[in-house]
Amino acid sequence: MQYHAPANVKDAVKLMAGSKGATHILAGGTDLLVRMRSGFAEPDNIIDIKRIKEMKTIAKDGKGFKIGAAVSAAEMNEHAGLSKTWPGLVEAAGLIGSTQVQGRATIAGNLCNASPAADSVPAMVAAGAKALIRGPKGIRKVPVEKICTAPGKTVLKKGELMEAILVPAKPARSGDAYLRFIPRTEMDIAVVGVGICLTLDAKGVCTAARVSLGAVAPTVLLVNKAARALIGTTVDDAALHALSSACSAAANPIDDKRGTKEFRTHIAGVLARRAAVIALNRAKGKS
Amino acid sequence: MARVQVWGSLKPALEGADEITVDASSIREVLDHLAAHYPAMKVAIDRGVSISVDGRMYANAIMVPLQPDSEVFVLPKLVGG
Amino acid sequence: MFQIHVSTSINGDDTEFSCEADETLLDVLRDRLGLTGSKEGCGTGDCGACSVIVDGRLVCSCLMLGAEAEGREIETIEGMAEGQKLHPLQQKFLDHAALQCGICTPGLLIAAKSLLERNDNPTEEEVRYWIAGNLCRCTGYDKIVRAIMDTAKDMRKQAKPTKAAARKKVKA
Amino acid sequence: MNFQPGKDALKRSFDIVGKRTPRPDGLDKVTGKARFGADMTAPGMLWGLILRSPHAHAKIKKIDTSRAAAVNGVHAIVTAKDFGPCPDDVLDIRENVMAREKALYDGHAVAAVAATSRAAAKQALKLIEVDYQVLPHVTDVDEAMKASAPVINSKLFTKGLDKTPKKASNIAERFEFGHGDVEKGFKEADLVVEHTFKTEATHQGYIEPHACLASMGADGRGDIWCCTQGHFMVRNVCAGLLGMDASALRVTASEIGGGFGGKTTVFIEPVALALSLKANRPVKIVMSRSEVLRASGPTSSTSIDVKIGMKKDGTITAGDATLRYQGGAFPGSAVPYGAMAAFACYDLKNVRAIGYDVITNRPKQAAYRAPGAPMAAYAVESVVDELCKKLTLDPLDVRLKNCSTDGSKASYGPKFDVIGLKATLEAAKAHPHYKAKLGKNQGRGVACGFWFNFGGETSVSLTVNSDGTVGLSVGTPDIGGSRASIGNMAAEELGIPHDKVRCIIADTASLGYNDVTDGSRVTFASGLAAINAARDAIGKLCARAAGIWDIPVEAVTWEHGAARPSSPNAGKHKPMTLAEIAAQAGATGGPVAGHCEINAEGAGVSFATHMVDTEIDPDTGHVKILRYTVFQDAGKAIHPSYVEGQFQGGAVQGIGWALNEEYIYGKDGKLQNAGFLDYRIPVASDLPMIDAVIVEVPNPGHPYGVRGVGETSIVPPLAAISNSVSSAAGVRMTQLPMSPPSVLKALGRI
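Residue numbers (my numbering), protein chains in the order written: chain U, 1 to 287; chain B, 1001 to 1081; chain R, 2001 to 2172; chain X, 3001 to 3750.
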C-alpha cells in the first residue's frame, strides 16, 4: 500500500486518475481505518487530503458555505457563522462518534462512506446541500440525496473525488434540526435519524420544508410527503401528526442488531415530530 | 455423630437418603466415609467439592475438626469472579 | 511494502521514525517508539484508551496513520507530567481514587486535559459527554468525573489571582 | 501466632486501616509507566495470531498449513495436534484453546501462527486452508434443551438425575437445592405469583484484551508474562497442557486491565507457549476486541421460572425456582451458584431451586462477578416486587420481615454466621433517597443480593529490611487496588507507617501457591495471610529484643511498632522500634522475615441492597438512570475509596446488563456485535453519580472483620433496575436487556 499526501486539489485529482488498484481518499479516516483493520478495505493507495488547504477550510460561498471535504466536525462546531446559520447541520456533525472521532471525522467522508445511518447526511439533505465533485473532466455539483445509490455505493466515478459540501444560504424565517435515536446517550450508530428544515412566512405559515430520514432504508430518504404535511400549515398539532404518520409510512427499515422494523418505523414518526418543533422554534427565532 | 447432608447435583449419589450421620472427627473422615460407601460420591469428591461445617465454608480443606453434633454440607465446588 | 520516513514532535521532542503505510499512530507509538502508555482497548475508536492530542486536537491514535504524523505536534500520557511534577489531573486522579485497574487512565487523563484546556468550568454533564468516548469498566465513572471537576475548580482558583494581578498592573 | 477464627477481638481502633491512603501503583498508572499484558517485548520476539472458526458448529476435516508456512517471516504454526495428552481436569481447556475434531462456536480457535511481523502473521493466517463440514447449531438455552435440538456432544449424558439417561443431550447436569415442602407452603399463601424470565449473555467487558508473551527455551524451561487473575493457575494449566514440570514454567502477572472473572482461566497463553516451543523464540499474542468478545468467556444466557407465595402480612410461605443456564460449548455454567444464591436473602421454611446446566454453540462461559447470581436474583427479586405491589406492601418492609439473619438456615443448606443484610435494608429505609419524590414516567426499584465470598489457598512473604522498611510479596494479582489494602493491613499490624511497606505481586517462582484472584477473596485472604506474616515477623523481632535485653521472649510484647518489656519485673528496657531491631538483625542472628501459607477459612458472606430511580421515555422506550444508591456490608472497609469503587463499578456493570448489553447471535450462529460499538457498555453520559453507603457488620472470621466486597455489588442491580422500570412503565418486565425496543413493546406501543 502507498500513502500520498498531495498539497493541492490538482495533484490529488492527478493521483486519483493515475492510481492503479483500490484507491481510497483519507479525510478523517474514522471509517476507513476501521474497515482496513477489519479487512473489509485493503487499499493499494491512500490519498490523504488533509494537507490541501482549501479542503481544510470553511469558506463563504456566495451567501452560503463551502465546507472543505477534510474539515472535521469539531472545526464545523467551532465555526461561529456556520453554527449560527445551520445549527441542525452542525449538531448532526457533532453527533458522529466521540469527542476523539469529532476531531477527525468529516461530513464529506460521512457521505462518501454511504451508510444509511450516517448522522450528518439527513441534516445535509434537509439543508439542501450539494456535493462538489471534481474529476478528470472537471467539476460537477450533485444534490446530497443523489450521492448514495445503495449501502456503501455512491455516484462518484473512478478518478473523481469529493472536494467540498456546498450549503446554500438559509432563507429568512427558516430553521433546521436533526435528531437521532440511539440506545445509549453517545457512541452508537443511529437507529433512526431525522433531519428537517422548514421556512415560515411573516404570518408563521410554513412555505417550504425538507424532511429527511436516515437508517430506515438502504439510503437516506428525502420524504416529500412529509414535507407537504407541513407546507401551508402553521406546523400545529394536526400538521405534526400528519408529519409523523408520513415519516412512519415512508420508513422501510430492516430488523438488525440495532433495532427492529416496527421500532424504527415508530421512532421515525416520533423523532420527526420532535425535530419539527425544534426547527419551528428556530425559524421563529426562539431557542 | 456428625450430621451430613449432600446437596445439588450430588444428591442422587446418596441413593435417596436426605441426611446421613457419620462417626467422624474431621472433614477427611466424612469424605472417606462417603467415598467408601457411595461410589458416585467418590467421582464427585475427586472432581472437587465445597464443604460447609456449622455454617462456615471450606474449599478442599480436609483436616478441619468436627464437633460431635456438627452440621456438615457437601456442596458443588464454588468458583467466583 | 516500502517504509515511510516520518519526522514529528512527540511531547516536545523531535522524533523520527519509519513505518509501513498502513500502520496506525498507536502501533508506531507502542511498537516502534516504546511509548506504551497509550493503550489499545478496541482498535476501532470506540474505547478511547489510545487517546492522544495532535496539534491541540484530541484524537484516537488507533484511527490515525503513523504517516499522517509528519510535521505534527503529538502529546501522549508520557509527556503529561513535567519531570517529577504531576499534572494537576494526574494528582487529582490519585487523590480521588479515580482509577482501579488503570488501563483506561492514560486515555481519560489526556481527554480530560484537552477538555480543561478549552473549558475550565465544565458542568458535570459537559464532563460526562466529553469523556463519553473513554470507556472505563471498573469505576462507574463517579470518581473520575469528581476528579476532573475538582481539578477544574482548582485551576479556576489559581487563575483568579493572576487575573487580579493583571488588573493591578493596568491600574499602576 | 496465626490468627484463630473468632478469637481475635473485632472492636479495636486502627491507625491506618480505614484511611484513604495513596495506592502504591498509582503513580505508574497515571504516568503511563505501568506495564500491562501487551506492554512487554523480548529480544527476537515473534507476533502470534490465531485463526478462528467462522462457523458456529462444524467438523474439521482437514487443515492444510503448507502455504502459510511458506510465507517469509513465519516461524511456527500450531494446531490441536501440537497439544498432546493432558490431565483430565484440563481436557476441556485444551479443546477450548484449540479446536480438535469440531469447531464448537463462532470464533473457536483452529490454528495459530507466529511470524516476525503482524503483517506476515496476518498474511499467513489467510493462507491456512481449513476444510469444514458445517453442522446444525443451537445458541439459545431453551432451544438447546429440546429433544429435537442438534446434540453438540454425543458423549454427554445428563448427570444428577435419579437414572443416567441412555440418550445424549445438551443438558449436562441437573441440580437441586432447598428444604421444607414448597407445595405445602404455596397452600398457606394468600397470593402466589409466578413468572418466567430470560436474560441474554453479557461480557465482563474489561478494557484490556487478553495479552501474553511466552518464551520457551530448548532446555524445556519457559516464562510467561500475561494479564491474568491468577498466574499460579496459568502456570499449572499451561504446564499440564504442554506436559511440563510446574517448576519449569515461571509466570509473571503483568498489571491487569480489568478481569471481573474473565481472566480466571486461559485462552491464548498455552497457544503462545506452544508456538514459542516450536519456534524457539519469544511469542507475543494480543487478542483483538472482536476476539475477546467472540472467543473469551462471557456469562451464561438464562431462562428462569420463579414462583413465590406470600401472606397478606408479607410473610413469604414458599419459594420455588427452576433455572436453565447455557454455559457455552462445555459443561460448567454458573447455574449451581445461581440456584444456591437465588433465595439466599430470605429465611424460608419451604424453598427449592432446581438448576440445569446446558451446553450450546457459544464460547465456554467464564466467571463474571458473582457468577450466576445476578440472573437468579433478578428473577426472584422481580417476583417479590410483584407480590409487594399486588398486596400493596412496602418492598423494604417485606424484605426486613423475611430477610436472612444471623443463624438463619440458608436456602442452600448451611446456617449463616453473623451477616449484615438486615443492616443494609435498615440503612436503605433510613436514607433520604427512599423518601425522595418521583415525577411522571419515573419509578423506584429496590432489590437485595448475596454472594458467598471465598478464602482459599494463599501464600504471603514479608521481609524486614535493615533500614526498618518492609517488603511484602503477595501472589494474588491486584485488579482494583488490593496492594494498597493488603500493605496497609501489614503496616497496621507491624505498627509502622503505610509508606514503609512496599507490596508487590511476586511471580510463581518466588512464592508459594496462590489461588486466583476470585470470589472476592483477596483483601480477605491475602490480607489475613499478610497479617499472619506480620505476626510471624513480630514474633521473631520480639525474640531478637529479648536476646538483646537478655530476658525471656515471653517477657516481651509488641506495641505501636516497638518491642517492650511486658511488665516492670521484666526489667527496665527502653522500647526498641522495628527499625532499631532491624538495624541489628545481622548481628543478632541474620535477616528477619515473616511468612504465611494457609488455606484461608472463615470468609464472611456479603449482602447488599440497591435502590434506583429511573425515567422512561414512553415514546421511544429509552430508560434513564436518575439516581442510584448502593448499601452493602463490607465487614470492615480497609480502604474505603476502593470499597466504594467496587460498589460503584458493580452497580454500573449491572446497569449495562439490565439496559443495553447483550450477545446478539444471528440465525447463522455468528456473533453479530463483536465490538464496543454494538456491545454497548455504559458510557459516562449514561450515568448519574453512584452513591455508595458502606455498612460495616464485622466478619468474625477475619481479625479486622473484613468481608469480600467485589462481587455482591453486581447481584442486585438487574432486579433493582427492572423493578424500577416496571413501576415507571406500569408493566412487569421479564426480559433482559430492557433495550428501548423491548420496553416499547412491553408498553404496547409497537
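Each residue gets a CB set at the ideal place from its N, CA and C atoms; glycine is no exception. Since the structure is predicted, the reported quantities are computational estimates derived from the model, not experimental observations.
Query, Result
"Are the region 3704 to 3720 of chain X and the region 3520 to 3535 of chain X touching, with three or more C-beta to C-beta distances below 8 angstroms?", "yes"
"From Lys3500/X, Glu3386/X and Gly3258/X, pick the residue whose C-alpha is nearest to that of Val3193/X; which is it?", "Glu3386/X"
"At which residues does the alpha helix (DSSP H) containing Ile267/U begin and terminate?", "Lys261 to Ala283"
"For Val2052/R and Pro3591/X, I'd like the C-alpha separation in whole angstroms.", "48 angstroms"
"Evaluate Lys3126/X with the Cβ neighbour count: other Cβ atoms within 10 Å of its Cβ, from every protein chain shown; 16 or more gives buried, anything less gives exposed.", "exposed"
"Quick one: which chain U residues come within Cβ less than 8 angstroms of Ser2051/R?", "Gln100"
"Return the CA-CA distance between Asn3002/X and Thr3317/X, expressed in angstroms with no decimal places.", "Reliability fails at Asn3002/X, whose pLDDT of 40 lies under 50, so the model's placement of it is uncertain and the value that follows must be treated cautiously. Distance between the alpha carbons of Asn3002/X and Thr3317/X is about 44 angstroms."
"Three Cβ pairs or more, each shorter than 8 angstroms: is that satisfied between the region 139 to 154 of chain U and the region 52 to 72 of chain U?", "no"
"According to DSSP, is Gly1008/B helix, strand or coil?", "helix"
"Does Lys3007/X have its Cβ less than 9 angstroms from a Cβ in chain U?", "Since pLDDT at Lys3007/X reaches only 43, below the 50 mark, its modelled position is unreliable, and the value read off the structure follows with that caveat. Chain U, which has no Cβ nearer than 9 angstroms to the Cβ of Lys3007/X, makes this no."
"Using a Cβ-Cβ distance under 9 angstroms, would Ala2159/R count as near chain U?", "no"
"Can you give me the start and stop residues for the beta strand (DSSP E) that Ile196/U sits inside?", "Val192 to Leu200"
"On the DSSP letters alone, give me the boundaries of the alpha helix (DSSP H) that Arg210/U sits inside.", "Segment Cys206 to Gly214 is the beta strand (DSSP E) holding Arg210/U; no alpha helix (DSSP H) there."
"Which one of Val3623/X, Gly3319/X, Phe3647/X and Val3693/X has the shortest CA to CA distance from Ile3721/X?", "Val3623/X"
"Give a yes or no on whether 9 angstroms exceeds the smallest Cβ distance from Pro183/U to chain X.", "yes"
"From Lys2169/R to Ala2159/R, what distance separates their C-alpha atoms?", "Any reading at Lys2169/R must be qualified, since the residue scores a pLDDT of 43, below 50, and its modelled position is unreliable; the value itself is stated next. Answer to the nearest angstrom: the Cα atoms are 16 angstroms apart."
"Using a Cβ cut-off of 9 angstroms (strictly closer), state whether Ile2010/R contacts chain U.", "no"
"In chain U, which residues lie less than 7 angstroms from Ala2069/R when you measure between Cβ atoms?", "Near Ala2069/R there are no residues of chain U at all, since even the closest Cβ is about 11 angstroms away, more than 7 angstroms."
"Beta-carbon within less than 7 angstroms of Leu271/U's beta-carbon, same chain only, minus the 5 sequence neighbours each way: which residues are those?", "Leu179, Phe181, Val192 and Val194"
"Rounded to the nearest angstrom, how far is the Cβ of Ile231/U from that of Ala249/U, given a contact under 8 angstroms?", "Actually they do not touch by this definition, with Cβ atoms about 17 angstroms apart."
"What residues in the region 2133 to 2148 of chain R bring their beta carbon closer than 9 angstroms to a beta carbon of chain X?", "Gly2133, Asn2134, Leu2135, Cys2136, Arg2137, Cys2138, Thr2139, Gly2140, Tyr2141, Asp2142, Lys2143, Ile2144, Val2145 and Arg2146"
"Distance, Cα to Cα, Gly2048/R vs Leu26/U?", "21 angstroms"
"Which of the three DSSP states is assigned to Asp255/U in this structure?", "coil"
"Could you tell me the distance, in whole angstroms, from the CA atom of Gly204/U to the CA atom of Ala229/U?", "15 angstroms"
"Between Gln3123/X and Val3071/X, is the Cβ-Cβ spacing less than 9 angstroms?", "yes"
"List, from N- to C-terminal side, the beta strand (DSSP E) runs of 3 residues or more that fit wholly inside the region 2049 to 2104 of chain R.", "2051 to 2054, 2057 to 2060 and 2073 to 2075"
"Would you mind giving the Cβ-Cβ distance between Lys3389/X and Cys3403/X, rounded to the nearest angstrom? I have them listed as a contact below 8 angstroms.", "Not a contact, Cβ separation roughly 19 angstroms."
"Taking 9 angstroms as the threshold (C-beta atoms), are Gly2045/R and Glu2073/R in contact?", "no"
"Counting only the same chain and skipping the five closest in sequence on each side, list residues whose C-beta sits under 8 angstroms from that of Glu2016/R.", "His2005, Val2006, Ser2007 and Thr2008"
"Starting from Gln3646/X and walking both ways along the alpha helix (DSSP H), at which residues does that stretch end?", "Pro3640 to Leu3659"
"Determine the DSSP secondary structure at Thr3629/X, reduced to helix, strand or coil.", "strand"
"Report the neighbours of Ser3722/X on chain U: residues whose CB is nearer than 9 angstroms to its CB, in chain order.", "None at all; the shortest Cβ gap to chain U is about 17 angstroms."
"Just to make sure I have the definition right: I need the residues of chain B whose C-beta is within less than 8 angstroms of the C-beta of Leu3161/X. Which are they?", "Pro1012"
"Grouping DSSP H, G and I as helix and E and B as strand, with all else coil, what is Asp3518/X?", "coil"
"Could you give the DSSP three-state label for Gly3547/X: helix, strand or coil?", "helix"
"I need the DSSP call for Asn3465/X, collapsed to helix, strand or coil.", "coil"
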